[in-house]
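These notes are about the structure you will find just below.
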Amino acid sequence: GAVVSQHPSWVICKSGTSVKIECRSLDFQATTMFWYRQFPKQSLMLMATSNEGSKATYEQGVEKDKFLINHASLTLSTLTVTSAHPEDSSFYICSAFPGIGQTQYFGPGTRLLVL
Amino acid sequence: DQQVKQNSPSLSVQEGRISILNCDYTNSMFDYFLWYKKYPAEGPTFLISISSIKDKNEDGRFTVFLNKSAKHLSLHIVPSQPGDSAVYFCAATSGGGADGLTFGKGTHLIIQP
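Just so you know, the sequences run in chain order A and B.
For what it's worth, the working numbering labels the leading residue of the first sequence as 1, then goes sequentially.
For what it's worth, the working numbering labels the leading residue of the second sequence as 1001, then goes sequentially.
Encoded structure:
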């Protein structure tokens, strides 16, 4: 149980285009999902907290207009990187939180390369 | 300012021996701590957690110890197995686990046969 999927797993795009990444909890509902980013040889950094039916909360330094988050249902959150640039190239990972007393379960990650 | 620190980038342990991974934190608001195992290009896999009201939690070969006064926690793996070779991340959060996680930089554990 507690499986989280991400799609796509790999994406290569041209600078200036937008990329959408999906995060799904497959066998449980998650009122809260989180988006993290990991640069090479760095730790995972929290980007934003996504709550179903409400606006996402962004961490300091993360541009909300660049990283659009939609949490339309209890099993799906999407992250759209708008007007992507090479410096946005990174490993994006989501996690889903089933509820108090439980842990966050992570997706397999999405590798984004912006040319 | 790093709120969760893992000061050992790598650790090499012989198979069958005990692996001890350390983690320090600075934020007193953290009340829930977790250890994750991660392979390259994959998401982290949850290993074990501990609430700030406890000082020890055990699950099979994995034990996590928490010293609140020292703001220090450690993960013990015994006996260490070749399949344990991976990067281990310490993470901390507040709100009983409901908030986003703050991660350390990770420790690359290498189990030698």
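Every residue gets a Cβ at the ideal spot worked out from N, C-alpha and C, and that includes glycine.
| Item | Value |
| --- | --- |
| For A1092(B) and I1020(B), the rounded distance between their alpha carbons | 18 angstroms |
| Pair within 7 angstroms by beta-carbon distance, L1034(B) and S1049(B) | yes |
| Cβ of F1062(B) within 7 angstroms of any chain A Cβ | no |
| Between the CA atoms of S25(A) and F1065(B) - distance to the nearest angstrom | 30 angstroms |
| Contacting residues, own chain, Cβ-Cβ under 8 angstroms from P86(A) (five flanking each side not counted) | S15, V114, L115 |
| C-alpha gap between D1001(B) and S1074(B), whole angstroms | 21 angstroms |
| Nearest to I1027(B) (by Cα), restricted to the options A1098(B), K1071(B), G1083(B), G1095(B) | Per the sequence shown, the amino acid found at residue 1027(B) is Asn instead of Ile. Checking every option, the nearest Cα to that of N1027(B) belongs to K1071(B). |
| Residue burial classification, V3(A) (beta-carbon count within 10 angstroms, cutoff 16) | exposed |
| T82(A) and K64(A) closer than 7 angstroms at C-beta | no |
| Chain-order list of residues whose beta-carbon lies under 7 angstroms from that of D1084(B) (same chain, five-residue window excluded) | S1019, I1077, L1109, I1111 |
| Endpoints, the beta strand (DSSP E) within which K1056(B) is located | 1056 to 1059 |
| CB of A96(A) within 7 angstroms of CB of M45(A), strictly | no |
| Proximal residues, the region 1025 to 1045 of chain B versus chain A, C-beta separation under 8 angstroms | L1034, Y1036, A1041, E1042, G1043, P1044, T1045 |
| Any C-beta of chain A under 7 angstroms from that of A1086(B) | no |
| Three-state secondary structure (DSSP) of E1015(B) | coil |
| Proximal residues to M1029(B) (C-beta, below 7 angstroms), its chain only, five neighbours per side dropped | S1094 |
| G107(A) at chain B interface by Cβ criterion, 7 angstroms | yes |
| Residue-level contact to chain B via CB, I100(A), 7 angstroms cutoff | yes |
| Selected residue, minimal CA-CA separation from R1061(B), among K1068(B), K1054(B), Q1081(B), G1043(B) | Q1081(B) |
| Expected contact under 8 angstroms - CB spacing of G109(A) and F91(A) to nearest Å | 5 angstroms |
| C-beta atoms of T75(A) and E52(A) nearer than 7 angstroms | no |
| In DSSP terms, what K20(A) is bridged to | T80(A) |
| G1046(B) versus A72(A) - alpha carbon distance | Looking at the sequence shown, residue 1046(B) is not Gly but Phe. One C-alpha to the other measures close to 26 angstroms. |
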